[in-house]
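Undergrad: This structure is in structure tokens; I'll ask about it shortly.
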Amino acid sequence: MKRLALLGASGHGKVIADTAECCGWQEIEFFDDAWPDRRSNGCWPVVGDTTALLANVGRFDGVLVAIGNNHIRQAKLLELQAAGAHIVSLIHPSATFSRYASLGVGSVVFAGAVINADTQIGQGAILNTGCSVDHDCILGNAVHISPGARLAGGVQMGDLSWVGIGASVRQLVLIGSSVIVGAGAAVVADISDGLTVVGVPARSLR
71 MKRLALLGAS
81 GHGKVIADTA
91 ECCGWQEIEF
101 FDDAWPDRRS
111 NGCWPVVGDT
121 TALLANVGRF
131 DGVLVAIGNN
141 HIRQAKLLEL
151 QAAGAHIVSL
161 IHPSATFSRY
171 ASLGVGSVVF
181 AGAVINADTQ
191 IGQGAILNTG
201 CSVDHDCILG
211 NAVHISPGAR
221 LAGGVQMGDL
231 SWVGIGASVR
241 QLVLIGSSVI
251 VGAGAAVVAD
261 ISDGLTVVGV
271 PARSLR
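According to this note's numbering, the sequence shown is numbered sequentially starting from 71.
Rendered as structure tokens:
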């Protein structure tokens, strides 16, 4: 029986658990720092907190961090790797993931996502429902491409950046690290590290 531990009992975690079941994982347990007050996440049990998971990583065939916040997700992923956890990735069966693309450990690709040839994706990334990342994109660690977002070919995106729901990014644009692209924005020019951009065309919030 394949056993999977998920750290973070959230709505995002439910989608990961559902994806994991579609990928053949048979037993899924959540860990969350709200335990013992929180003992379930939908139909899946919450059985302990981060400390408990770190002490029991060897019990599981795979471990994933199910936390939407990019910075927290990266920190927890590094903590679990240091503890010797077997970090896995998930690609939903209905996603289209090119055999010529690469996906870092601890990443998830949800239903309906399309990832095209020669795209490189770092560790701990979220490629959310129905998003598309075209050819030759390079995405850093702990990024999040939200549902319905679109990245054209050759986009580069630094660590910890987030593209909001329904946003679009023009081809060959460079997005720095820790950038936030607002929902529905249209990014047509490069974005420096740490900026939040919104609108059509996307402009920095000051």
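Don't be surprised by glycine CBs; every beta carbon is placed ideally from N, CA and C.
Could you tell me how far apart the beta carbons of Asn140 and Leu230 are, in whole angstroms, since I believe they sit closer than 8 Å?
TA: Looking up residue 140 in the sequence shown gives position 70. Looking up residue 230 in the sequence shown gives position 160. Rounded, the Cβ-Cβ distance is 5 Å, consistent with contact.
Undergrad: Three or more C-beta pairs closer than 8 Å, one from the segment 115–126 and one from the segment 99–107: is that the case here?
TA: Yes, the segment 115–126 touches the segment 99–107.
Undergrad: Do you know whose CA, among Ser262, Gly218 and Val258, lies nearest Ala272's CA?
TA: For the purposes of this step, residue 272 is taken as the residue at position 202 of the sequence shown. Checking every option, the nearest Cα to that of Ala272 belongs to Val258.
Undergrad: According to the neighbour-count rule (16 or more other Cβ atoms, all chains shown, within 10 Å of its Cβ), is Asp260 buried or exposed?
TA: Indexing the sequence shown from 1 puts residue 260 at position 190. Exposed, by the Cβ-count rule.
Undergrad: Could you check if Ser238 is buried or exposed, using at least 16 other CB atoms within 10 Å of its CB as the buried criterion?
TA: Here residue 238 refers to the residue found at position 168 when the sequence shown is read from its first residue. By the neighbour-count rule (16 or more Cβ atoms within 10 Å), Ser238 is buried.
Undergrad: If Leu123 and Leu160 are in contact, beta carbons under 8 Å, what's the gap, nearest whole angstrom?
TA: For the purposes of this step, residue 123 is identified with residue 53 of the sequence shown, where counting begins at 1. For the purposes of this step, residue 160 is identified with residue 90 of the sequence shown, where counting begins at 1. Not quite, the Cβ-Cβ distance comes to about 18 Å (not below 8 Å), so this is no contact.
Undergrad: What does Glu91 pair with, by DSSP beta-bridge criteria?
TA: Here the question's residue 91 lines up with position 21 in the sequence shown. None; Glu91 has no bridge partner.
Undergrad: Would you decide whether Met227 is buried or exposed? Buried here means 16 or more other CB atoms lie within 10 Å of its CB.
TA: One-based indexing of the sequence shown puts residue 227 at position 157. Under this definition Met227 is a buried residue.
Undergrad: Return the first residue and the last residue of the beta strand (DSSP E) that Leu74 is part of.
TA: Counted from its first residue, the sequence shown places residue 74 at position 4. That run of the beta strand (DSSP E) goes Arg73 to Leu77.
Undergrad: Within 10 angstroms of its Cβ, does Cys207 collect 16 or more other Cβ (buried), or is it exposed?
TA: Position 137 of the sequence shown, counted from the start, is the residue given in the question as residue 207. When all chains shown are included, Cys207 counts as buried.
Undergrad: Any idea what DSSP makes of Thr266, helix, strand or coil?
TA: Along the sequence shown, read from residue 1 onward, the residue named residue 266 stands at position 196. In this structure, Thr266 counts as strand in the three-state DSSP scheme.
Undergrad: Mapping DSSP to helix, strand and coil, what is Val179?
TA: Locating residue 179 in the sequence shown gives position 109, where the first residue counts as 1. Strand at Val179.
Undergrad: Pick out whichever of Thr89, Arg129 and Pro115 has its Cα sitting closest to the Cα of Met71.
TA: As a position in the sequence shown, residue 71 is number 1, starting the count at 1. Cα-wise, what sits closest to Met71 is Arg129.
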